[in-house]
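**Student:**
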Amino acid sequence: MSPQDKAPATAPRRVIAVMLDGLRRDFITPDATPALAALRARATWFDAHRTVFPSVTRVVSSSFATGCRPAHHGLAGNTVALVEDGRLGLHDVGRPEFVETKRRLTGTVLARPTLAERLADHGGAVIFNNVSPGAAYMHDPDGHGHVYHRAGSFGPGRRPIQGDRALEVTPDAAGDRAAAERFIAEVVHGGRPAFGLIWLCEPDTTQHAAPLGSATHRAILATADSHAAMIIAAVARARAEGEDILLLVGSDHGHQTVRAVIDIDAELIEAGLKAGPGSTDVVVAPNGTAALVYVDGSAEDRIAAIEGFLAERPWVGRLFTRDSLAEAGLPAGGGLAFAIALAASDEPNAEGVPGLSYAAKPADGKADRLGCGQHGGLGTFEQLPTLMLDGGGFTAGRTVTADTSVIDIAPTILRFLGRPIGGVDGRPLQEL
Ligand SMILES: [Zn+2]
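Numbering (this note's numbering), first residue to last: 1 to 432.
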């Protein structure tokens, strides 16, 4: 009998998860993040934890929610191409309307059940989210639980939650703090659902706009640490009242420093492999330090030439073709022909923080982020998310060196809550 089996039946188990978007595991130190470092000492720490590919928030959110790689949940990027009226079109998954667009064009949003669906009749899920609307809604696209986001909060059946009950906070540190305060009052000490998740936008937002290791970056790490500390303390108070809570504190991916920005569309056009800007024969979906390349059936005879061209680009790190998309955990079909992890190295940036990568020029012409943080690919430090599990039978102070992944989180939560685990790619970390 494990310790968790001895919990009194009168205290229903629940899970509180705190995700600090983009928090690189090696940024957790007693000086930079004292609360997280202190939690590490009394939690189980996962020292070979990785994320999925592409390592972008909306994809990782889908993998967190379903316990599956993109190949099975069906969302391949933060930006993807979908076929509409026989033509490939580029879509920003972050937009609030993407959920309905994806459902209309492909029949489903996510092809596997989320934690919110699995727990709908078993204590429920409440999600507070301060990143993009698309990432928030991937936790529960079909409306089984509660999702709170500034673009719209929803209860079961995607019934809108309005007025004071909605979550109207800014996508920055101040908004994270306001969201954390409400989460503590309404979820940790309030509704007490079986699964409460808060996904905060920092340090990711600041890392995209400031050099890793800069004073601005160090300040936001301290702020993100203080937000985690608020929730960690709230969980401690609930436990002191006799509650059996598994606390998860982690992140979805790390960051690399952008060494150069590549306009993949322009390179393909110049090489004669894409008709022109905005053409639908070959469509590139930039995903930070990764990119997806879709090829229309009418351009099928160019596949070999595109592969040959990409394979020789110095900015291509790993090139996955149709034959190896499954190896990358990516879904086949829908015109997806190539996935690129842009070239990465472990060299330091100007602040001495290791990890440099090429990045794909964003589709919407957003400012290039040369010298700042980015992610999406397979570089060492973007594949360095954080995972700590505290309580729930996880050993205090243990360091797990076995490979683990964000796809293991959903089965771990389901196991703790005593729910069936079928249909996931990951495995419960209690088995380690
Ligand atoms: Zn993220």
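Even glycine gets a Cβ: it sits at the ideal position worked out from N, Cα and C.
#1: Find out if the Cβ-Cβ distance for the pair Ala71, Pro420 is shorter than 9 angstroms.
#2: Can you tell me the Cα-Cα spacing of Ala81 and Ala285, whole angstroms?
#3: So, Arg25 versus Pro348, is the Cβ gap smaller than 9 angstroms?
#4: What runs of the beta strand (DSSP E), each 3 residues or longer, lie entirely inside the stretch 373 to 426?
#5: Using the DSSP secondary-structure output, state which residues sit across from Ile245 in a beta bridge.
#6: Which runs of the beta strand (DSSP E) at least 3 residues long sit entirely within the stretch 18 to 63? Give them in chain order.
#7: By Cβ distance, which residues of its chain are closer than 6 angstroms to Pro428, with the 5 residues on each side in sequence left out?
#8: Give me the Cα-Cα distance between Gly155 and Ala266, rounded to the nearest whole angstrom.
#9: So, helix, strand or coil for Ser214, using DSSP?
#10: Just to check my reading of the structure: Thr44 and Arg112 have Cβ atoms closer than 8 angstroms, yes? What is that Cβ distance to the nearest angstrom?
#11: CB of Asp140 to nearest heavy atom of ligand 1: below 8 angstroms?
#12: Distance, Cα to Cα, His217 vs Glu300?
#13: In the DSSP assignment, what are the bridge partners of Pro348?
#14: Would you mind giving the Cβ-Cβ distance between Asp92 and Val261, rounded to the nearest angstrom? I have them listed as a contact below 8 angstroms.
#15: May I ask which residues mark the beginning and end of the alpha helix (DSSP H) holding Gly134?
#16: Using only the alpha-carbon positions, how far apart do Phe195 and Val147 sit?
#17: Going by DSSP, name the residue or residues bridged to Gln256.
#18: Whose C-alpha, out of Thr223, Ala215, Ala125, Gln256, is nearest the C-alpha of Glu202?
#19: Candidates Asp142, Thr51, Val59: which alpha carbon is nearest Glu100's?
#20: Following the continuous alpha helix (DSSP H) through Ser182, name the residue where it begins and the one where it ends.
#21: Applying the 10 Å Cβ sphere with the 16-neighbour rule, what's the burial state of Val18?
#22: Exposed or buried, which one is Ala460 when buried takes at least 16 other CB atoms within 10 Å?
#23: Is the distance from the Cβ of Gly134 to the Cβ of Arg103 below 9 angstroms?
#24: For Met230 and Ile198, which I take to be in contact (beta-carbon distance under 8 angstroms), what is that distance rounded to the nearest angstrom?
**Tutor:** A quick look at the data gives this:
#1: Here residue 71 refers to the residue found at position 71 when the sequence shown is read from its first residue. Here residue 420 refers to the residue found at position 420 when the sequence shown is read from its first residue. Taking the C-beta atoms as reference points, Pro420 is found no nearer than 9 angstroms to Ala71.
#2: The residue given as residue 81 occupies position 81 in the sequence shown. The residue given as residue 285 occupies position 285 in the sequence shown. Across the structure, Ala81 and Ala285 are spaced so that their CA atoms are roughly 7 angstroms apart.
#3: For this step, residue 25 is matched to residue 25 along the sequence shown. For this step, residue 348 is matched to residue 348 along the sequence shown. Going by C-beta atoms, Arg25 is not nearer than 9 angstroms to Pro348.
#4: Taking only runs of at least 3 residues, the beta strand (DSSP E) segments lying wholly in the stretch 373 to 426 are 387 to 390.
#5: Indexing the sequence shown from 1 puts residue 245 at position 245. In DSSP, Ile245 forms a bridge with Arg14.
#6: With a minimum length of 3 residues, the continuous beta strand (DSSP E) runs that stay inside the stretch 18 to 63 are 44 to 46.
#7: Residue mapping note: residue 428 aligns to position 428 of the sequence shown, counting from 1. These residues qualify, in order along the chain: Pro411, Thr412, Arg415.
#8: Position 155 of the sequence shown holds residue 155. Position 266 of the sequence shown holds residue 266. Taking the CA atoms as reference points, Gly155 sits about 44 angstroms from Ala266.
#9: Here residue 214 corresponds to residue number 214 of the sequence shown, with the count starting at 1. If DSSP states are grouped into helix, strand and coil, Ser214 belongs with coil.
#10: As a working mapping, residue 44 is identified with position 44 in the sequence shown. As a working mapping, residue 112 is identified with position 112 in the sequence shown. Between Thr44 and Arg112 the beta-carbon gap is near 26 angstroms, outside 8 angstroms, which marks them as no contact.
#11: Walking along the sequence shown from the start, residue 140 turns up at place 140. Proximity of the beta carbon of Asp140 to ligand 1 is not indicated: no heavy atom of the ligand is located closer than 8 angstroms.
#12: Position 217 of the sequence shown, counted from the start, is the residue given in the question as residue 217. Position 300 of the sequence shown, counted from the start, is the residue given in the question as residue 300. Going by the C-alpha atoms only, they are around 45 angstroms apart.
#13: Numbered from its first residue, the sequence shown carries residue 348 at position 348. Beta-bridge partners of Pro348 (DSSP): Pro354.
#14: By 1-based counting over the sequence shown, the position of residue 92 is 92. By 1-based counting over the sequence shown, the position of residue 261 is 261. About 18 angstroms; that fails the 8 angstroms criterion.
#15: The sequence position of residue 134 within the sequence shown is 134, counting from 1. First-last of the alpha helix (DSSP H) with Gly134: 133 to 137.
#16: Looking up residue 195 in the sequence shown gives position 195. Looking up residue 147 in the sequence shown gives position 147. In a straight line, the C-alpha of Phe195 is about 12 angstroms away from that of Val147.
#17: Mapped onto the sequence shown, residue 256 falls at position 256. When DSSP reads this structure, Gln256 sits in a beta bridge with Gln374.
#18: Position 202 of the sequence shown, counted from the first residue, corresponds to residue 202. Comparing Cα-Cα distances from Glu202 to each of Thr223, Ala215, Ala125, Gln256, the minimum goes to Thr223.
#19: Residue 100 sits at position 100 when you count from the first residue of the sequence shown. The residue with the shortest Cα to Cα distance from Glu100 is Asp142.
#20: The sequence position of residue 182 within the sequence shown is 182, counting from 1. Correcting the residue type first, residue 182 is Arg in the shown sequence and not Ser. Note, Arg182: alpha helix (DSSP H), 173 to 183.
#21: Here the question's residue 18 lines up with position 18 in the sequence shown. With 16 or more Cβ atoms within 10 Å of its Cβ, Val18 is classed as buried.
#22: Any question about residue 460 goes unanswered here, given that the chain covers just 1 to 432.
#23: As a position in the sequence shown, residue 134 is number 134, starting the count at 1. As a position in the sequence shown, residue 103 is number 103, starting the count at 1. No, Cβ-Cβ distance for Gly134 and Arg103 is not below 9 angstroms.
#24: For this step, residue 230 is matched to residue 230 along the sequence shown. For this step, residue 198 is matched to residue 198 along the sequence shown. With a Cβ gap of about 10 angstroms, Met230 and Ile198 do not count as contacting.
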